[in-house]
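Counted the way my numbering counts, the sequence shown spans residues -3 to 188. Every residue, glycine too, gets a C-beta built ideally from N, C-alpha and C. Below you'll find the structure, written out as structure tokens, and then a few comments.
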Amino acid sequence: MTEFFMSSIEIVKPGIQTTIQDYPGRLGYWHVGIPPSGPMDSLAFRLGNQILGNEPGASGLEITLVGPELIFHQDTIIVLTGAPVRMLLNDVPMPQWCAIRVTAGSVLKIESVVVGMRAYLCFKNGLKIEPYLNSQATFTLGKFGGHEGRILEKGDTLFVNEKLSFSPCKFIDHRLIPLYKDTWSIHVLYGP
């Protein structure tokens, strides 16, 4: 097994539409036809990074409806935030909204979202992704950012930043966790 393989995260199943995002994403390019990029639920994404002691903009995965299956070839710490979803680490159910230590050789499965649409998998120190136009966020229509400008596919390999980080994982006040409901009230204002 090569060093490259041993220090990676392998995508076994990609889920429906799993992409790499960062906060605040790619901003300020509307004038050249590039809309803002970044996590749809930026609060859940930022809270995930806060729990890990990361910078608010550390990159992670945005999971849409059905999550991925990953094999970790390195030790790391993760947190899953956002819409309620079942997560299994080596077939053992794990909670959302708290830091979880993952050891090399572990298999993580994120199943279907229960209520809502998007969940976020954040990694201690964030993912190692080259920024494009000042962001690591995936913009699939433009085919840039993230991992090769596309949703993740089976066999893709990701890497976690290996910089030394002395900031400990944190607990957040559970009152900050958004409430995800299956019914919504939309208010409309009459306008021009």
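Limits of the unbroken beta strand (DSSP E) element including residue i
i	result
Ile67	65 to 68
Arg171	Element bounds for Arg171: n/a, residue is neither H nor E.
Ile7	5 to 9
Pro89	88 to 90
Val103	103 to 109
Ile59	56 to 60
Three-way DSSP call (helix, strand, coil) for residue i in this model
i	result
Ile30	coil
Phe41	helix
Ile73	strand
Met(-3)	Residue placement at Met(-3) is poorly supported in this model, since its pLDDT is 45, which falls under 50; the coordinates still yield a value, given next. It is coil, neither helix nor strand.
Leu48	helix
Thr99	coil
Gln13	coil
Tyr186	coil
Tyr19	coil
Closest Cα partner of residue i within the set the options
i	options	result
Gly101	Glu107, Pro91, Asp87	Asp87
Tyr25	Phe135, Val109, Lys150	Phe135
Glu110	Val103, Gln92, Leu104, Phe119	It is worth fixing the name first, because residue 110 is Val in this sequence and not Glu. When only C-alpha atoms are compared, the closest one is Gln92.
Gly141	Ser4, His27, Pro32, Pro10	Pro32
Phe119	Val156, Tyr186, Asp169, Glu107	Val156
Ser4	Leu137, Ile173, Thr153, His170	Thr153
Leu175	Val28, Ile7, Asp37	Asp37
Val62	Ala115, Ile7, Glu158, Arg171	Ala115
Residue(s) in a DSSP beta bridge with residue i
i	result
Leu85	Val88, Leu104
Thr153	Glu6
Leu123	Val156
Leu117	Leu57, Leu76
Arg146	His143
Ser131	Tyr128
The segment 17 to 29 touching the segment 76 to 87, judged by at least three CB pairs closer than 8 Å: Under the 8 Å Cβ criterion, the segment 17 to 29 does not count as touching the segment 76 to 87, having fewer than three qualifying pairs.
Does the segment 170 to 183 touch the segment 134 to 145, meaning 3 or more C-beta pairs lie closer than 8 Å? Remark: fewer than three beta-carbon pairs, one from each stretch, lie closer than 8 Å, so the segment 134 to 145 and the segment 170 to 183 are not flagged as touching.
Would you say the segment 128 to 143 touches the segment 81 to 97, given that touching needs at least three Cβ pairs under 8 Å? The segment 128 to 143, when compared against the segment 81 to 97, does not touch it at the 8 Å Cβ threshold.
If we count Cβ pairs, one from each stretch, closer than 8 Å, do we get three or more for the segment 118 to 127 versus the segment 40 to 55? Segments in contact, yes.
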